[in-house]
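If you're matching positions, the sequence shown starts at 4 in my numbering and goes up one per residue. What follows is one structure encoded as structure tokens, with my remarks underneath.
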Amino acid sequence: MTVNPGIEYQLAEDDFRAASTPAEKLQALQKMWATVPRHKSSEGLQQQIKQKIAKYKELTKKEKSSKKGSRASLSLKKEGSATITLIGAPNSGKSTLLKQLTNANPLIADYPFTTLKPEIGILNYKGIRLQIVEIPAIVENFEKTEKGPTYLSILRMSEMIVLLIEKKDDLRLLKGELEKNDIHNKTLIIKKGDNAEKIKDKIWDSLGLIKVFTKQPGKKADYPPIALKKGATVRDLAEYIHKDFIRKFKYAKVWGNSAKFKAQTFGLDHGLEDNDVVEFHTA
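This is the structure we're talking about:
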């Protein structure tokens, strides 16, 4: 007999995977517990959920205690078109890489645990601003460290996590801690010493975004470009700029890879590609 969970359970499980804080994880787990099928074949699943509920109750309590005891808030204000979190084992070179990629100037030293709080920088990738956050070194049982639950929340809210690897065991440690804490965000593995410019390209290619330029009739393309998800349409771009563009839209002229010729005319459902230039015409 299979478990065969229903749609309500599956939706709650989706909420659990998408949750960015221990409290949100706990809420989703409680929904999963309320909707999990109750029969012999689901006993193993029921036990897993109960164990995770106990775990996230403790993490939620610890996170609240950590916030009360801290004078400075560790809440992260998201900036740019995506947030990428940089993680690594102690003394893996995270701060050096952050400085190479962004405008940040973190403390760099040849001893472990130099980073004591999140360090934030902005990577300007061909006009697109990407926020990169370095959190303190990952260690075994990271969720049990003083501010571990808070740092894990930052990881959960990130569009991507960069794993910086120096030694073979580093990958096992980092992946193990992510898996243990139910963090399934998109990841990118980088080796210490890799070329910084190539890393920037890898980050962009892994994010699943495209750069799109807008222009006014008779003028050059505007700068900086706008970041949209791959598969975005003229409609998505119009909505990003202003909701009135949809109501007044007549047509768009497009230059770039998604057009067969320059200034080809399209409607709202036309799919855009990286580096396209779009000129809107409205009523």
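Each residue gets a CB set at the ideal place from its N, CA and C atoms; glycine is no exception. What you are looking at is a predicted structure, and each value in this text was computed from that prediction instead of being measured.
Could you tell me which residues DSSP puts in a beta bridge with residue 32? Taking the sequence shown and counting its residues from 1, the one referred to as residue 32 is at position 29. None; residue 32 has no bridge partner.
Going by C-alpha to C-alpha distance, which of 207, 145 and 153 sits closest to residue 177? As a first step, residue 177 is located in the sequence shown; it is residue number 174 there, counting from the start. Nearest of 207, 145 and 153 to residue 177, Cα basis: 145.
Residue 74 versus residue 222 - alpha carbon distance: Locating residue 74 in the sequence shown gives position 71, counting from the first residue. Locating residue 222 in the sequence shown gives position 219, counting from the first residue. Low confidence applies here, because residue 74 scores a pLDDT of 41, under 50, leaving its location unreliable; read the following figure in that light. Taken atom to atom, the span from the alpha-carbon of residue 74 to that of residue 222 is near 51 Å.
Through-space distance from residue 122 to residue 51, alpha-carbon basis: Your numbering for residue 51 matches position 48 in the sequence shown. Your numbering for residue 122 matches position 119 in the sequence shown. Just so you know, the alpha carbons of residue 51 and residue 122 end up roughly 35 Å apart.
Tell me which residue opens and which closes the alpha helix (DSSP H) that residue 145 is part of. On the sequence shown, position 142 is the one that residue 145 refers to. No alpha helix (DSSP H) contains residue 145, which DSSP labels as neither H nor E.
Using DSSP bridges, identify the partner residues of residue 284. As a position in the sequence shown, residue 284 is number 281, starting the count at 1. Residue pairing by DSSP places residue 284 opposite 254 in a beta bridge.
What does a CB cutoff of less than 8 Å around residue 38 pick up in its chain, not counting 5 residues either side in sequence? To locate residue 38, count along the sequence shown from 1; it is residue 35. 8, 9, 11, 12 and 15, listed in sequence order.
Need the endpoints of the beta strand (DSSP E) that residue 215 sits in, please. Here residue 215 refers to the residue found at position 212 of the sequence shown. For residue 215, the uninterrupted beta strand (DSSP E) run begins and ends at 212-218, by DSSP.
Backbone secondary structure at residue 264 - three-state DSSP: For the purposes of this step, residue 264 is taken as residue 261 along the sequence shown, with counting starting at 1. Residue 264: coil per DSSP, three-state reduction.
Segment limits, beta strand (DSSP E) that includes residue 189: Numbered from its first residue, the sequence shown carries residue 189 at position 186. Taken as a continuous stretch (DSSP letters only), the beta strand (DSSP E) holding residue 189 covers 189-194.
How is residue 158 classed by DSSP in three states: helix, strand or coil? Residue mapping note: residue 158 aligns to position 155 of the sequence shown, counting from 1. Reduced to three states, the DSSP call for residue 158 is helix.
Restricting to Cα atoms, I'd like to know which of 129, 155, 131 and 232 is closest to residue 141. Counting from 1 along the sequence shown, the entry for residue 141 is found at position 138. Of 129, 155, 131 and 232, the residue nearest in Cα terms is 155.
Does DSSP put residue 224 in a helix, in a strand, or in coil? The residue labelled residue 224 in the question sits at position 221 within the sequence shown. In the three-state scheme derived from DSSP, where H, G and I count as helix and E and B as strand, residue 224 is classed as strand.
Ignore the nearest five residues each way along the sequence and tell me which others in residue 32's own chain have a CB closer than 7 Å to its CB. Against the sequence shown, residue 32 aligns to sequence position 29. The residues are 19, 52, 55, 56 and 59.
Leaving out five residues on either side along the sequence, give the residues of the same chain with a beta carbon under 6 Å from the beta carbon of residue 244. The residue given as residue 244 occupies position 241 in the sequence shown. So the list is empty, once near-sequence residues are dropped.
Mark residue 279 as exposed unless 16 or more other C-beta atoms lie within 10 angstroms of its C-beta, in which case mark it buried. In the sequence shown, residue 279 corresponds to position 276, counting from 1. Residue 279 comes out buried.
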